[in-house]
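Here the sequence shown stands for residues 5 to 270, numbered as in my numbering. Just below is one structure, and these are the notes that go with it.
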Amino acid sequence: MTTMLRRVQQFLDSGDSDNAREEIDRAFGNLRRVDSHVREFADLLALGSIKASEIGLGVLGRKLLQNDSEINNEVVWLFIASILSRNSIPPDSPSRISLLVLTASVNSWELPIFALLAPALDAFFKVSLADGTPLIAEQTFDFLATWGRIYAKAPHVKTQLQELQSLSNNLLEQVDDSELKAEWSEGINIFFEEARTTKYSDSNVFSAGEELIKKIYNTQSLQRNTEDKNLAETKDKLLQLVTSSFATISTVLDSHGVILNPVIKN
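Now the structure itself:
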């Protein structure tokens with residue numbers, strides 16, 4: 005078990021959330037590149053208890069909201085993918101709100117590494133809207149209404165969009181503030197209209213994800229931690245996420261006439 009995950013879990017097992025939070029905060033270093041600390045944090049998000057991942061995302065969210073914080077695309081992708089690779093995330097988990105802060109830091113959903121995450125994110129958003137607490141549902145809706153024009157540039161599956169739109173309409177009907185309702189209505193309509201009409205055409209969408217995983221979890225980094233199985237386990241979970249996402253997204257690309265020739269290498 006990586007040092008961060010082991011120590012955080014020890015604190016949580018003893019009921020000491022404050023020290024668990026401080027341990028994560030101390031371990032954070034430079035978010036401008038993937039290093040051993042970033043990989044350890046990804047292990048915590050992917051493999052730790054739901055409480056550990058919630059605290060971790062909370063600490064990360066506060067750092068991202070700081071004006072001087074910087075995080076590069078590879079680090080953002082790794083953290084989002086690590087959360088989405090978990091077997092399940094409770095509908096009422098605070099991590100559903102914290103993840104929105106991380107996804108809002110993505111500036112270009114056209115990039116293949118981020119486009120590949122859209123099916124899993126759409127499924128994540130559906131649960132948040134349908135079964136999340138009122139605050140989780142509201143914050144998820146606000147993300148789609150505020151950042152929808154950017155997020156719409158990723159490839160979205162038609163059936164998932166239809167379900168998201170139905171859930172969004174139900175939530176919008178419950179808004180009493182007429183000014184807020186009009187603002188949200190405009191933003192959410194832009195998202196669904198552009199998501200339906202955008203034709204994603206970059207066939208590198210799968211290979212980019214696989215190649216990034218190979219880069220992050222290169223042979224050198226794995227050999228350096230032969231006694232720790234977490235890195236290899238996180239890598240496997242990320243590859244499973246990539247494979248599952250591509251299976252879904254390939255139907256969208258195929259309908260756009262994109263030539264697909266994925267090669268999966270473990």
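Ideal placement from N, C-alpha and C gives every residue a C-beta, glycine not left out.
Would you call the CB atoms of residue i and residue j closer than 7 Å?
{"i": "Trp113", "j": "Ala149", "result": "no"}
{"i": "Asp17", "j": "Pro116", "result": "no"}
{"i": "Val63", "j": "Asp20", "result": "no"}
{"i": "Lys256", "j": "Val105", "result": "Looking at the sequence provided, one finds Val at residue 256 rather than Lys. Going by C-beta atoms, Val256 is not nearer than 7 Å to Val105."}
{"i": "Leu133", "j": "Ile87", "result": "no"}
{"i": "Asn173", "j": "Leu51", "result": "no"}
{"i": "Ala85", "j": "Val209", "result": "no"}
What is the DSSP secondary structure of residue i, reduced to helix, strand or coil?
{"i": "Val79", "result": "helix"}
{"i": "His160", "result": "coil"}
{"i": "Phe32", "result": "coil"}
{"i": "Asn234", "result": "helix"}
{"i": "Pro98", "result": "coil"}
{"i": "Ala46", "result": "helix"}
{"i": "Asp126", "result": "helix"}
Measuring alpha carbon to alpha carbon, tell me which of the options ends up nearest residue i.
{"i": "Ser53", "options": "Val12, Leu82, Gly62", "result": "Val12"}
{"i": "Glu197", "options": "Tyr155, Ser92, Ala236, Ala212", "result": "Tyr155"}
{"i": "Ala56", "options": "Lys130, Arg25, Arg36", "result": "Arg25"}
{"i": "Val179", "options": "Asp206, Gln169, Pro138, Trp151", "result": "Pro138"}
{"i": "Arg200", "options": "Glu183, Asn222, Lys185, Leu165", "result": "Leu165"}
{"i": "Ile251", "options": "His41, Asp47, Ala124, Leu106", "result": "According to the sequence as given, residue 251 is Ala; it is not Ile. Closest option to Ala251, Cα to Cα, is Ala124."}
{"i": "Glu190", "options": "Tyr221, Phe147, Ile75", "result": "Phe147"}
{"i": "Leu168", "options": "Asp126, Lys239, Ala31", "result": "Asp126"}
{"i": "Asn193", "options": "Gly152, Phe210, Asn77, Ile93", "result": "Gly152"}
{"i": "Ser102", "options": "Asn76, Ile140, Ser40, Val246", "result": "Ile140"}
{"i": "Trp81", "options": "Ala236, Lys185, Lys219", "result": "Lys219"}
{"i": "Phe83", "options": "Leu121, Gln224, Asp96, Leu184", "result": "Leu121"}
{"i": "Arg100", "options": "Ile75, Gln70, Phe145, Glu27", "result": "Phe145"}
{"i": "Ile75", "options": "Arg36, Asn91, Asp47, Arg66", "result": "Arg36"}
{"i": "Tyr204", "options": "Phe195, Ala158, Glu142, Ser172", "result": "Ala158"}
{"i": "Leu175", "options": "Pro98, Asp135, Met8", "result": "Asp135"}
4-residue-minimum alpha helix (DSSP H) runs that sit fully inside the segment 143 to 225, ordered along the chain: Qualifying alpha helix (DSSP H) stretches, in chain order: 162 to 177, 182 to 201, 209 to 220.
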